[in-house]
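Just so you know, the sequences run in chain order A and B.
Heads up, the first sequence is in this note's numbering, so the first residue is 1 and it goes up one at a time.
Heads up, the second sequence is in this note's numbering, so the first residue is 1001 and it goes up one at a time.
There are 2 protein chains.
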Amino acid sequence: MEPAEIKSEKKKVVAVVGGGLVGALNACFFAKRGFDVQVYESREDIRTAKVVKGRSINLALSHRGRSALKHVGLEEKIVSQGIPMHARMIHSLNGKQSPIPYGKKGQFILSVDRANLNKQLLTEAETYPNTKLNFDHKLQDWNAETGAMTFVRADGTKQQILADLIVGCDGAFSSIRKQFLRRSRFNYSQTYIPHGYMELTMPPRDGDFAMKPNYLHIWPRNTFMMIALPNLDKTFTCTLFMPFENFEEITTGDEVLEFFQKYFPDAIPLIGVEALKCDYFRLPAQAMVSVKCSPYHIADKCVLMGDAAHAVVPFYGQGMNAGFEDCIVFDEIMDQFNDDLSEVLPEYTRVRVPDDHAIADLAMYNYIEMRAHVNSKWFLFRKYVDNFLHFLMPRTIVPLYTMVTFTRTRYHQAVERWQWQNKVINRGLFFCGTGAVLGGSYLLFKNPPNVDKIHIDVEKMWNRLLSTGTS
Amino acid sequence: MEPAEIKSEKKKVVAVVGGGLVGALNACFFAKRGFDVQVYESREDIRTAKVVKGRSINLALSHRGRSALKHVGLEEKIVSQGIPMHARMIHSLNGKQSPIPYGKKGQFILSVDRANLNKQLLTEAETYPNTKLNFDHKLQDWNAETGAMTFVRADGTKQQILADLIVGCDGAFSSIRKQFLRRSRFNYSQTYIPHGYMELTMPPRDGDFAMKPNYLHIWPRNTFMMIALPNLDKTFTCTLFMPFENFEEITTGDEVLEFFQKYFPDAIPLIGVEALKCDYFRLPAQAMVSVKCSPYHIADKCVLMGDAAHAVVPFYGQGMNAGFEDCIVFDEIMDQFNDDLSEVLPEYTRVRVPDDHAIADLAMYNYIEMRAHVNSKWFLFRKYVDNFLHFLMPRTIVPLYTMVTFTRTRYHQAVERWQWQNKVINRGLFFCGTGAVLGGSYLLFKNPPNVDKIHIDVEKMWNRLLSTGTS
């Protein structure tokens, strides 16, 4: 692919710390603006590494992430390598599967491979002549006033540079953020949820996916749940979310089996009895943290983006998407203030903090919704009402999930609008309910009913409600 | 003073990091239990130092703090050196002063001098033969698994020790806590409020206090406020709390004067025009932080107490009291588990976290109440209703401030009970109000009223309500 056109001959040095998803994408954004971009990654190059350690293997890419990829010309390529998921597929205890669509017909999220996406982004960043990737460079020290940075290479030698802008994209446990913590008036919180997660693989069956591939499969079990996302190699990655104490209670292969027989019986033959007994003990359950902070910048020298600024729990599928959107938002503000960092950085904090805090809260909220509410009749009824009203009044009523996943509506505005809609809809349902009871009583009193007819009408209405989601 | 009786011949080493209020008091508690107590303080001995840097000079000592001092035989001495404050004294804009009592007759909080209290606690700790105070010892490194610690002395030499228990009492910016932050599943938040504070001195007038001494004076002005606490030398320490941007708007002596003329006119002659113009610029406004975390311990080796575990904003006067109560709670759990640290530390976290989080939230709540609600008629009415009901039913209805300040009711239980009481009282007021309106309408209809009589009755009732607070 051709490197995009390079603006003017600016020579300011941007040091991007972290060569993960957001760091690599950000390198492309800054390269497009004509900066001298240096990416520093403490680990080796994942494209050549033999063993890649690290996080969950698949991610849900949606509109915000795609918009950012489009900006650097990568959207089509990445989308073509992902697997569309049009709906959640809810697995009941008795094995029944029911889909709940994510949005309207044609709307879907994509299951993408984290490692592959990261590799492509790194390769794309390298196509810019004004970008250099420095692997095996561990940040040792840096100065937020001068921009001086010292890195230690794998062989123990040191490299010193002077950056005009330091961009901390070094993840949930960011080293850059540590220096923010030492400064006064930096607000910070890290909250670990009581649940851990564990990944299990569901192999292909007769050369094909063991379950329907175009769904995000969910086994909601109130205090815990399992989900499964499809991979290109026709496997599914199953992720079990459960309180740590429950993980710790299971200590033998037979107990794993007993647990799955009780809660996920339909998954046992698909994962395989022996694999299940063994994989469960391969790695301990991993912790999940939600990080919020403010401000995101120090003077005109340093800014935090991606998980370094706002790690979220994974239950809204927005972690990567929010991080990618950070890059667009920063880029838009750079346009607005003509690359004047002393204006851009405070504005970025002002604009982005409320949105990141909103998505962090939403993800925490969905942490309960996904494993518990999804089972409730009222929740399903409200989902259908929301979708139906969205179908009738597409501009007035937009389901929260749609705003978050399929638009770039600012996260905090999506939440505000959702609260407003909820008030209106609940009030509407209340009045409809009251009206129906009063009207029904009146009609019953006036004309003895034809019960069969009423029954059929209600069913037809209900089916129409259902179909607004799927078709 | 005689060192208290020493229990048995345990030789376990307790390293108390921090020789501030909670560290020094804790040293006494551990010494009483027979441990080999080593206190490490990074600064020099404040009892011999020429210049003492640091925090606000006065504090409000109340029941929880006094209980802890009593435990080490210091209550009477410290109380005799404090100045009782029986009520808040609200200063209106027009100079009118109105008292709002803190509790029942005879209940008061004490204005105490921070430096003096700290000195007395250090001297008390030194009376125990099994306690050593190490000043000018800065913590360089420590190991939460082994208890190995390295300190650097003022002359650059190092001291290494092996502690059985490390007690982090090193304040809101605790170094010990930094290592907790590096561990997984440690929940942490630090929140700076938008307000800063600045201290100004009100000198004595004709050799006596310039205002009534047995009050905590408050000038509530909605978005900001000033308070004043009496000192033994007949001065008052005035503390101005205001958003940082308002502090920054004032840049000249004349602007200070203008600001005070607008909002605190009665304080100008008492502080003095020249002093005011000058003192305002002596130090910049200081930040205030609220810190919450959990757990408080690592294995059986390390525990956080006082501000290191729960820095609170100063608006409930409970920071020191909560820290002192930490020492009693820990001591009680040590009794319960026979000094078995592997049991004591997790239990301390389990018991104390909800209480410390509750007082942190209450202090944040009072941050609004003190500067804003205190001006509202409804707030004053509810205070009197609460006090009146407490007078009628002393066991059923206890005002929140009373539970927090004059009892050792666990903070989180005080909050729960307060919420319950509020529900009951508001419901009661609603029914009384409805009843009164209905009853009144009926009576008015039946008998035309003698307006004078009604007026007198209401006033008498109101006065009785008022007096339940003050007498």
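From the three backbone atoms N, C-alpha and C, an ideal C-beta is built for every residue, glycine too.
None of the values given here were measured: they were computed from a predicted structure.
Out of A/Leu362, A/Val329 and A/Gln286, the CA that lies nearest to the CA of A/Pro346 is found in A/Val329. B/Arg1350 sits in a helix when the DSSP states are folded into three classes. About 46 Å separates the CB atoms of B/Thr1157 and B/Pro1204; that is not less than 8 Å, and the two are not in contact. Listed along the chain, the chain B residues whose CB falls inside 7 Å of the CB of A/Arg185 are Tyr1192 and Ala1287. For B/Tyr1102, the closest Cβ of chain A is not nearer than 7 Å. Burial check for B/Ser1174: the Cβ neighbour count within 10 Å reaches 16 or more, so the residue is buried. Around the CB of A/Cys432, fewer than 16 other CB atoms lie within 10 Å, so the residue is classed as exposed. Separation of the CB atoms of A/Val398 and A/Gln318 is rounded to 16 Å, and the pair is thereby denied contact status at 8 Å. In terms of Cβ geometry, A/Asn130 and A/Tyr40 do not form a close pair [threshold 7 Å].
Note on B/Val1112: 16 or more other CB atoms within 10 angstroms of its CB, so buried under the neighbour-count rule.
The beta carbon of A/Ser189 falls within 7 Å of a beta carbon belonging to chain B, placing the residue at that interface. DSSP places B/Thr1405 in the helix class (H, G or I) of the three-state scheme.
Judged by DSSP secondary structure, B/Tyr1263 falls within the alpha helix (DSSP H) whose first and last residues are Gly1253 to Tyr1263. Burial of B/Val1344 is indicated by the presence of at least 16 other C-beta atoms within 10 angstroms of its C-beta. Here the alpha carbon of A/Asn338 sits roughly 16 Å from the alpha carbon of A/Ala31. Between the C-alpha atoms of A/His86 and A/Leu61 there is a straight-line separation of about 12 Å.
If you draw a straight line from the Cα of A/Phe209 to the Cα of A/Thr251, it comes to about 30 Å. Relative to the Cα of B/Thr1223, the nearest Cα in the group B/Leu1240, B/Asp1233, B/Ile1166 and B/Asn1231 belongs to B/Leu1240. Annotation note: the region 74–136 of chain A contains the following uninterrupted beta strand (DSSP E) runs of length 3 or greater, listed N- to C-terminal: 83–85, 87–91, 97–101, 109–113 and 131–134. Between A/Tyr367 and A/Cys293 a beta carbon distance of about 20 Å is seen, past the 8 Å cut, so the two are scored as non-contacting.
For A/Ile218, the uninterrupted beta strand (DSSP E) segment begins and ends at Tyr215 to Arg221.
Under the criterion of beta carbons closer than 8 Å, B/Met1226 and B/Gly1196 do not qualify as touching, at roughly 13 Å. Ranked by Cα distance from A/Ile176, the first of A/Gly106, A/Tyr316, A/Lys138 and A/Gly73 is A/Lys138. Within the same chain, Phe35 and Asp164 come within 6 Å of A/Lys12 by CB-CB distance, once the 5 residues on both sides are set aside. One alpha carbon belongs to B/Gln1081, the other to B/Lys1070, and they sit about 15 Å apart. In the DSSP assignment, B/Thr1239 forms a beta bridge with B/Glu1199 and B/Ile1227. In this structure, the beta-carbon distance from A/Val17 to A/Asp170 falls below 7 Å. Where B/Ser1294 is concerned, the enclosing beta strand (DSSP E) starts and stops at Gln1286 to Ser1294.
The three-state reading of DSSP puts B/Tyr1367 in helix, counting H, G and I together. With respect to A/Leu200, A/Asp279 sits close: the two C-beta atoms are nearer than 7 Å. In the structure shown, B/Met1334 adopts helical secondary structure according to DSSP, grouped into three states.
Judged by DSSP secondary structure, B/Gln1038 falls within the beta strand (DSSP E) whose first and last residues are Asp1036 to Tyr1040. Per DSSP, the beta bridge partners of A/Val152 are A/Lys138 and A/Lys158. Residue pairing from DSSP places A/Val17 in a beta bridge opposite A/Tyr40 and A/Gly168.
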